[in-house]
Amino acid sequence: MSELKQTRPKGTQDFVPPDSERRRQAEATFRHLAETYGYREIITPTFEHTAVFVKSSGETSDIVTKEMYSFKDRAERDLTLRPEGTPGVVRAVLENQARMPCRLYYVGPYFRYSRPQKGRYREFGQVGVEALGEASPLTDAEVIFLGDAFFRSLGIHDCTTQVNSIGCRECRPGHRDALRNYLLERKEQLCGDCRLRIDRNPLRVFDCKVEACRQAVEGAPTPRQHLCEACKRHFEQVLADLTQRSLPYEVNDRLVRGLDYYNRTTFEYISASLGAQDSLGGGGRYDYLVEEFGGPDTPAIGFALGLDRALLAAPPAAGPARRHLAFVVWLTESELGETEKLAAKLRADGIPAQVDYDARRVKAQFKSADAAQAACCIIIGPDELAKGVYSLKDLVSGEQHEVPFDAITAAVRKRFRD
RNA sequence: GUGAGUGUAGCUCAAUUGGUUAGAGUACCUGACUGUGGCUCAGGAUGUUGUGGGUUCAAUUCCCAUCACUCACCCCA
Numbered sequence: 001m002s003e004l005k006q007t008r009p010k011g012t013q014d015f016v017p018p019d020s021e022r023r024r025q026a027e028a029t030f031r032h033l034a035e036t037y038g039y040r041e042i043i044t045p046t047f048e049h050t051a052v053f054v055k056s057s058g059e060t061s062d063i064v065t066k067e068m069y070s071f072k073d074r075a076e077r078d079l080t081l082r083p084e085g086t087p088g089v090v091r092a093v094l095e096n097q098a099r100m101p102c103r104l105y106y107v108g109p110y111f112r113y114s115r116p117q118k119g120r121y122r123e124f125g126q127v128g129v130e131a132l133g134e135a136s137p138l139t140d141a142e143v144i145f146l147g148d149a150f151f152r153s154l155g156i157h158d159c160t161t162q163v164n165s166i167g168c169r170e171c172r173p174g175h176r177d178a179l180r181n182y183l184l185e186r187k188e189q190l191c192g193d194c195r196l197r198i199d200r201n202p203l204r205v206f207d208c209k210v211e212a213c214r215q216a217v218e219g220a221p222t223p224r225q226h227l228c229e230a231c232k233r234h235f236e237q238v239l240a241d242l243t244q245r246s247l248p249y250e251v252n253d254r255l256v257r258g259l260d261y262y263n264r265t266t267f268e269y270i271s272a273s274l275g276a277q278d279s280l281g282g283g284g285r286y287d288y289l290v291e292e293f294g295g296p297d298t299p300a301i302g303f304a305l306g307l308d309r310a311l312l313a314a315p316p317a318a319g320p321a322r323r324h325l326a327f328v329v330w331l332t333e334s335e336l337g338e339t340e341k342l343a344a345k346l347r348a349d350g351i352p353a354q355v356d357y358d359a360r361r362v363k364a365q366f367k368s369a370d371a372a373q374a375a376c377c378i379i380i381g382p383d384e385l386a387k388g389v390y391s392l393k394d395l396v397s398g399e400q401h402e403v404p405f406d407a408i409t410a411a412v413r414k415r416f417r418d
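Just so we're aligned: the first sequence equals residues 1 to 418 in my numbering.
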């Protein structure tokens, strides 16, 4: 293989047909589903002032400390390619003084500087929703249900839903202290990372996969044990509504999530068929974030789902379907004018039409049509023009018959329906 | 950022213990079929063996470096 002069940057992906079409399809499915629940699309910049992410995700979170694509522009502004969606949405909602409550969804590329592997890319596709100004536990359950519905509509069936509650301003400090004391007593057993976490964010120790840490944390005080009455009731209502909706779930006490802004409900969707990167998506409540951005006290909840991983977990597309495309084939140059006219008419009638202007022989044109996966060919030759017909050939069945000039659109439409 | 594995034709892969013109399938092109794709048959074209160095009479094969990809750690989508 001769060396290509230009290759794509590490961790980025090209989507060529039909992969690009499969991806679009999944996005369309999500848009439709989200709109079904009353969400409307929000489009925000792909980069923001770095402070937007640092303030919301947490100064010490891994995303902020080592995974951001940050740069200075020509005026020395500190900018960052968005590593996640929520902070930008919250910023935009406040900046545009959107009326609360409001339900927003988004679709787009996100960027994190981490080493690529299966299901993890430096540029990746994410879809998400944010329900701002809604405090009810029923909203939590509906949001969790919506994420699950998206995966199911893509044909993903091995997806399990995990939920947890990490409490609020009232009950978190109590738990934090209890957990910190518990961990300090067992500091010797913990890995280096976790020893640092004791001070910075003890909750994250629950996330650690090191076996020693897992054991040490076995009997640790869980967030759930320390929930205040209000949080406890909220969580119970979330679970009750999930049950009501017949959505199977697992309560996972170790599910704490990596972003600082979460409170109360957290959840995550896990797939068994993805390898190490098994999280299809996740989210949670972030009742304090809007206020921290300088806005009014506003409860909120949302999720982000990984498009790349969803497509990885979804069953492969069905067999090679023919495209709704008519290929117009010409015999000699004297039919070229007629060929262009027919193609124009078909397109005006809403039928995608293509012509191979370069291939001189009919055989080569048919090969092009086949390679393009066209559903049919329309042949224009001297004989046809003399008789006032086109020859219409179905490329799947191989059948061919003559169609009067003015009946061609209807005849092709019929082919597409079959 | 750390570790391991893999780089041979457009694609998927071969090539005995290092041994001289690096093969096969598929895709591609041509013809059988000068108005017809897919099937069949016959023929044809294709590689600086990722790159750079080293060992050797001889390197796709062994060694070093480098780059790329993959998987895992980490982190999470």
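For glycine and all other residues, C-beta sits at the position ideal for the given N, C-alpha and C.
Asked: Exposure of serine 397, with buried meaning 16 or more beta-carbon neighbours within 10 Å; Found: exposed
Asked: Residue nearest to glutamate 134 in terms of C-alpha spacing, selected from Phe151, Ser153, Asp260 and Met100; Found: Met100
Asked: Of the listed residues Ser334, Ala372 and Gly306, nearest to glutamate 27 (C-alpha basis); Found: Gly306
Asked: Proximity of alanine 326 and alanine 359 at Cβ, strictly below 8 Å; Found: no
Asked: Under 8 Å between C-beta atoms of alanine 369 and leucine 395; Found: yes
Asked: Three-state secondary structure assigned by DSSP to tyrosine 357; Found: coil
Asked: Lysine 393, buried or exposed, once every other Cβ within 10 Å from all chains shown has been counted against 16; Found: buried
Asked: Cα-Cα separation, glutamate 333 to aspartate 19; Found: 37 Å
Asked: Short Cβ contact (8 Å threshold) for alanine 272 with alanine 131; Found: no
Asked: Complete alpha helix (DSSP H) runs within the segment 184–261 (minimum length 4 residues, chain order); Found: 192–200, 211–216 and 229–244
Asked: Rounded straight-line distance, which links the Cα of arginine 257 to that of aspartate 207; Found: 8 Å
Asked: Option in Gly167, Val217, Cys191 and Ile144 with minimal Cα separation from leucine 179; Found: Val217
Asked: Best match in Thr298, Leu79 and Thr222 for proximity to valine 290 [C-alpha to C-alpha]; Found: Thr298
Asked: Check whether alanine 304 and glycine 85 have beta carbons under 8 Å apart; Found: yes
Asked: C-alpha gap between arginine 415 and glutamate 338, whole angstroms; Found: 22 Å
Asked: Burial state of threonine 44 (16 or more Cβ within 10 Å); Found: buried
Asked: Selection from Met68, Asn201, Gly167 and Ser246 that minimises the alpha carbon distance to threonine 266; Found: Gly167
Asked: Presumed contact (8 Å Cβ cut-off) between leucine 385 and glutamate 335, rounded CB distance; Found: 7 Å
Asked: Neighbour-count burial assignment, threonine 161, 16 or more Cβ in a 10 Å radius; Found: buried
Asked: Short Cβ contact (8 Å threshold) for leucine 79 with phenylalanine 47; Found: yes
Asked: Rounded straight-line distance, which links the Cα of lysine 209 to that of methionine 1; Found: Model confidence at methionine 1 stands at a pLDDT of 45, short of 50, so the residue's coordinates are unreliable; what they give is reported in the following sentence. Going from the Cα of methionine 1 to the Cα of lysine 209 covers about 41 Å.
Asked: Cβ contact (3+ pairs, closer than 8 Å) linking the segment 240–248 and the segment 189–209; Found: no
Asked: Selected residue, minimal CA-CA separation from valine 107, among Gln354, Glu35 and Cys228; Found: Glu35
Asked: Closest residue to aspartate 62 among Asp260, Phe366, Arg254 and Phe30 (Cα-Cα distance); Found: Asp260
Asked: Same chain only: Cβ atoms within 7 Å of alanine 317, ignoring 5 sequence neighbours per side; Found: Pro18 and Arg22
Asked: Inter-residue Cα distance where the pair is alanine 220 and glutamate 211; Found: 15 Å
Asked: Close Cβ partners of cysteine 377 (< 7 Å) along its chain, the five nearest in sequence each way excluded; Found: Phe327, Val329, Phe366, Ala369, Lys393 and Leu395
Asked: Spatial distance of valine 251 from tyrosine 269 (CA atoms); Found: 12 Å
Asked: Three-state secondary structure (DSSP) of isoleucine 166; Found: coil
Asked: From Glu236, Leu203, Tyr39 and Leu274, residue whose alpha carbon lies closest to that of glycine 147; Found: Tyr39
Asked: Proximity of proline 296 and histidine 324 at Cβ, strictly below 8 Å; Found: no
Asked: Whether aspartate 177 touches threonine 222 by CB criterion (8 Å); Found: no
Asked: Element boundaries [alpha helix (DSSP H), containing aspartate 297]; Found: Note, aspartate 297: premise wrong, no alpha helix (DSSP H); not H, not E.
Asked: Cβ-Cβ separation, serine 56 to proline 87 (assumed contact under 8 Å), whole Å; Found: 4 Å
Asked: Range covered by the beta strand (DSSP E) that runs through phenylalanine 293; Found: Where phenylalanine 293 is concerned, there is no enclosing beta strand (DSSP E), given that its DSSP letter is neither H nor E.
Asked: Cβ shell of proline 382 (< 8 Å), same chain only, five flanking positions each side left out; Found: Leu331, Thr332, Ser334 and Glu335
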